[in-house]
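What follows is one structure encoded as structure tokens, with my remarks underneath.
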Amino acid sequence: MQISFTLNGRPTTVEAEPATLVADLLREQLNLTGTHIGCDTSQCGACVVHLDGLPVKSCTLLAPALDGATLLTIEGLQGAPGSNLMHPMQEAFREHHGLQCGFCTPGMLMTAIALATEKPDLTEADVRHGLEGNICRCTGYQNIVVSVMAGAAAMNAAKGG
Amino acid sequence: MGNVIGIGAAPKRKEDQRFLTGRGNYVADIKRPGMTAGVFVRSPHGHAVIRGINKSAALAAPGVVAVLTGDDVAADKLGSLPCGWGITDAKGVPMKEPPYPMLAQGKVRFVGDIVAFVVAETPEQASAAAELLTVDYEVLPSVVGVLDAVGPGAPQLFDDVPNNICCDWELGDKAAVETAFKKAAHVAKLSLVNNRLIGNPMEPRAAIAEYEPGTDRYTLWTTSQFPHVVRFLMGALVLNIPQHKLRVVAPDVGGGFGVKQFHYGEEAVITWAAKRVRRPIKWVASRSEGYVSDRHGRDHVTEAELALDETGKFLAFRVKTLANMGGYLSTFGPNIPTNLYGPLLGGVYTTPAIYCNVKVVFTNTVPVDAYRGAGRPEATFVLERIVDVAAAEMGIDRVEIRRRNMIPKEAYPYQTPVLVQYDSGDPVGCLDGALVAADVKNFGARKAASASRGKFRGLGYSTYVEACGLAPSRFAGRLGARGGLYESATVRVHPTGQVTVLIGTHNHGQGHETTFAQIVSDRLGVAFENVDIVFGDTDRVQFGMGTYGSRSLVVGGAALSKAADKVIVKGKKIAAHLLEAAEVDIQFEAGKFSVAGTDRTKTFEEIAGAAYVPHDYPLEVLEPGLEEQAYYDPVNFTYPGGCHIAEVEVDPETGTVTLVNYTAVDDVGTVINPMIVEGQLHGGIVQGVGQALYENAVYDEGSGQLLSGSLMDYCMPRADHLPMMTVATHSTLCTHTPMGVKGCGEVGTIGSPAAVINAVVDALSHLGVTHVDMPATPNRIWRLLQNASLPVAAE
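Taken in sequence, the protein lines are chains A and B.
So for the first sequence, this note's numbering puts the first residue at 29; every next one is plus one.
So for the second sequence, this note's numbering puts the first residue at 362; every next one is plus one.
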């Protein structure tokens, strides 16, 4: 079937079987391999993307759900318009060593941005609770939590400015 | 112009840009022209005879390219998967080493054992065809636990391995230990289980294989921590592919923790199959598939006894362990519960006599091999638990009994009674540092506050020493290693002075691209951004043993340092010629070659330029070019150590244990990048906390089915399980590595399980609890509380 949606700001139309998972569509058909698949039970969160502004696990979403929707993946993140900078959350993860092997990182970033967007004054407890659906095996989460707090603050500052 | 960023600085990581922007290059991201998809058909039974396999329906399915089984492997006369270590028993008799065929032949020995490989045009077609393969199994009884496996009447995995015992290994002076026990004022005894774990790197294993008929060359892309070792083991010992015809690439790898440091059957099968089908083949494991095929870790049953004199001094330590090997010997399997376990039973203490007996046992479970820490967390857990038991029984404070037995800083180098000689350390310094950092003196107030909320609070200590930086080849060879354990590095200086390093270790999260660039920047005075680190490709990197056992900086970094020194030596010869001075008068500092006592200098870039444009150059005595290579074989292990303090709160209503504070003071030698070291400590600690509180691989006794076979059933630590940890270093310098470095990758996982469980036992000690097996789940604690002698109520 034909599915039309906005992908990282661009109108996109694909031909896909209705049973295609969005994670597979992105990786195999659209060559956007930044969205990772780390499990088969919707537990790990490496595949999180934003569907109409909300974080979803793309391994558990069928392609037809994209029709008419807006999808943002890790490849679509960007900093301030006109700048070469990364998104403030990406910068915060780099600054605070919020990643090691990098495999969970795209999902962590997408979840973190959604958390910060939903609740600007995030507490540490909010972040830890909000990251429950994203597993990292490398960092022990400490620097991820620090990164998300810093990234959220930077997003707020950018909004204020 | 960039900056020199040297040792001790914390630049942001070079590797982060690609990971943060979704541009990493993991095996599953790679596509090859004409690529097919492979699916492994695995045994659904723990133990069974294969009476026959009918391929016809699968072969006839849409899109199917090939269906391969053990008979095809036998027909091609391929080797079995090799074990890299050959241990011997007390009498010098070699371990039993039954063959491990890459596709099962005649029998399957664990759920997940590979029975067939199906190749089709798409993954969906391959999966559908795999469903059509008919395997006629005669199911046999399974045995999954070590106690059962060595017992009378147990199912036997191999005809020529009586009682399923691979090796009855021992270490230490048994007679001296017996004599010491006779003189003891007190003997503490403890039986414990070290729970079976599944490593779960977030990237599932994957491989792509391709054969080029025009050149007769194979390429294997694989999620490996050591591509050169895979090339050797698979090419030379399994598939008979000459080394120069085989390229193994391990690109970005999403975590390893040991799980990816073995040569797996899947790698051999897919490479062999790629030539048969003359098409590239890709296989990506699902997480569920990983659970029944990634090598597992730990799984010990142990009885320990500690003999003490009346003052609490340790006189002797005796440990008997049954270690689970699973259904076959994996690459390092028998080495882990023996050579990486027994020699660490001395810990940071002066115990004069130690004896350790380990029975290495086959069972119908996934093969067991190294998982972060590998043997050393198990040794630390036994020792640090029994020290607490002894302290409680003798009425001696837990810190005091440790202090009385610690090796004083002045006593290093310290020869233990179990092979290893520690070169450096300061256990008392780490302990004192941790006591302050953990604010132990105010623990009583915190405990009272918890009690007022109806919670039991406990404090737990763990000290440890570990042997890492694997390894001195000669020493390892005596212990049964079948390969060398050195590392290699090439420093390639380009004509413009930028540097590419080719190194045999593998970066899968540890930050090598940053740390190693700092070493080069420091040594050669080259800007940090002008150094790139290349790894993970046997066609690009000369050779290497890879990354495991906290060896990359210790052994690989030393090779890199040696190669950089050679660059300086050659640079001085070139500079001497250009500056018309004697070579002995040339100094190199901060990226400049100068004639001592003069202002005549040449920059590093000028020397590099001269080496590649040798118009004015001593060609009679010196080759052009500026590229140097070094191999480094360490003279000893390095011995990081430290003290960890965990603080937990137990909810008696639910049995839930909450980790509320965690403090670690570790001696990891020279710190190159403190940001990266802290990250390694955090991650390591949490993996140990996972073992202590959450993780457990559980098999069903009769059927051999893995009950904890998904992330829904196997509890991984999550962000909201954890407090902010306090980590610090208290370093003594390694005396034999070039930069004084020790390892830091595994220390967290080694120190933390005992600290957490000691804290749980402390929290429950007023109820008469003296030991809690891992993981201390709510269910286990709640049951313990129901059976406790005292009423369940906060003080």
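Ideal Cβ positions, reconstructed from N, Cα and C, are used throughout, including at glycine.
Check                                                                                                                                                                                        : Outcome
Which residue wins for smallest C-alpha separation from residue 97 of chain A, given the options A:185, A:41 and A:172?                                                                      : A:41
Where residue 1153 of chain B and residue 1127 of chain B are concerned, what is the direct C-alpha to C-alpha distance, given to the nearest angstrom?                                      : With a pLDDT of 45 at residue 1153 of chain B, under the threshold of 50, the predicted position of this residue should be treated as unreliable, and no value is reported.
Quick one: Cα of residue 1110 of chain B to Cα of residue 1139 of chain B, how far?                                                                                                          : 22 Å
DSSP beta-bridge partners for residue 377 of chain B?                                                                                                                                        : Paired residues: none, contrary to the question.
How many angstroms separate the CA atom of residue 901 of chain B from the CA atom of residue 833 of chain B?                                                                                : 25 Å
Contact defined as beta carbons within less than 8 Å: I believe residue 854 of chain B pairs with residue 969 of chain B. What is the distance between those atoms, to the nearest angstrom? : 5 Å
Measure the C-alpha to C-alpha separation of residue 926 of chain B and residue 916 of chain B and round it to an integer number of angstroms.                                               : 15 Å
Exposed or buried, residue 718 of chain B, counting other C-beta atoms within 10 Å across all chains shown (16 or more means buried)?                                                        : buried
Which runs of the alpha helix (DSSP H) fall wholly inside the stretch 919-957 of chain B and span at least 4 residues, in chain order?                                                       : none
Helix, strand or coil for residue 997 of chain B? Go by DSSP, reduced to three states.                                                                                                       : coil
What are the uninterrupted segments assigned as beta strand (DSSP E) that are 3 or more residues long and contained completely in the stretch 787-857 of chain B, given in chain order?      : 817-826 and 848-854
Just checking, does the stretch 427-435 of chain B make contact with the stretch 502-521 of chain B on the three C-beta pairs under 8 Å criterion?                                           : no
Is it the case that the Cβ atoms of residue 437 of chain B and residue 633 of chain B are separated by a distance below 9 Å?                                                                 : yes
Output the distance between the C-alpha atoms of residue 895 of chain B and residue 904 of chain B, rounded to the nearest integer angstrom.                                                 : 12 Å
So, for residue 94 of chain A: in the same chain, excluding its five sequence neighbours on each side, which residues have a beta-carbon less than 7 Å away from its beta-carbon?            : 31, 33 and 50
Do residue 887 of chain B and residue 860 of chain B have their C-beta atoms closer together than 9 Å?                                                                                       : yes
Can residue 829 of chain B and residue 910 of chain B be called in contact, C-beta distance under 9 Å?                                                                                       : yes
Pick out whichever of B:536, B:388, B:951 and B:484 has its Cα sitting closest to the Cα of residue 584 of chain B.                                                                          : B:388
Could you tell me whether the Cβ atoms of residue 1117 of chain B and residue 1049 of chain B are closer together than 9 Å?                                                                  : yes
Strictly below 9 Å CB to CB, what residues from chain A border residue 648 of chain B?                                                                                                       : 65, 66, 67, 68, 69, 71 and 72
Shorter than 9 Å from the beta carbon of residue 912 of chain B to some beta carbon of chain E?                                                                                              : Reference to chain E is not applicable here, since the protein chains of this structure are A and B.
Name the DSSP bridge partner or partners of residue 1086 of chain B?                                                                                                                         : B:1023
Does residue 1244 of chain B pass the burial test, meaning 16 or more other C-beta atoms within 10 Å, or should it be called exposed?                                                        : In the structure displayed, chain B extends from 362 to 1156; residue 1244 of chain B sits before or after that span and is not available.
Kindly confirm or deny that the stretch 1066-1078 of chain B and the stretch 695-702 of chain B touch, where touching means at least three C-beta pairs closer than 8 Å.                     : no
Which residue spans inside the stretch 555-637 of chain B form an unbroken beta strand (DSSP E) run of at least 3?                                                                           : 567-573, 578-583 and 607-610
Mind checking the stretch 111-125 of chain A against chain B and listing, in chain order, the residues whose C-beta falls within less than 8 Å of any C-beta there?                          : 114, 118, 121, 122, 123 and 125
Which chain B residues sit within Cβ distance under 8 Å of residue 160 of chain A?                                                                                                           : 1079, 1080 and 1081
In angstroms with no decimal places, state the Cα-to-Cα distance between residue 376 of chain B and residue 162 of chain A.                                                                  : 21 Å
Tell me which residues share the same chain as residue 113 of chain A and place their Cβ nearer than 6 Å to its Cβ, disregarding the 5 neighbours each side in the sequence.                 : 107
Quick check: the stretch 1026-1040 of chain B against the stretch 463-475 of chain B, are there 3 or more CB pairs under 8 Å?                                                                : no
For residue 1077 of chain B, does the three-state DSSP call read helix, strand or coil?                                                                                                      : coil
Within 10 Å of its beta-carbon, does residue 1156 of chain B have 16 or more other beta-carbons around it, so buried, or fewer, so exposed?                                                  : With a pLDDT of only 41 at residue 1156 of chain B, under the threshold of 50, the placement of this residue in the model should not be trusted; the figure read from the coordinates follows. Exposed: under 16 other Cβ atoms inside 10 Å.
Indicate whether residue 676 of chain B and residue 545 of chain B have their beta-carbon atoms separated by less than 9 Å.                                                                  : yes
List, in order along the chain, the chain B residues whose C-beta lies closer than 8 Å to that of residue 79 of chain A?                                                                     : Under the 8 Å cutoff, chain B gives no residues; its nearest Cβ is about 17 Å from residue 79 of chain A.
The alpha helix (DSSP H) that contains residue 768 of chain B, what's its start and end?                                                                                                     : First-last for residue 768 of chain B: undefined, no H or E at that position.
What are the residues of the stretch 1039-1066 of chain B that lie near chain A, defined by any Cβ-Cβ distance shorter than 7 Å?                                                             : 1040, 1043, 1044, 1046 and 1047
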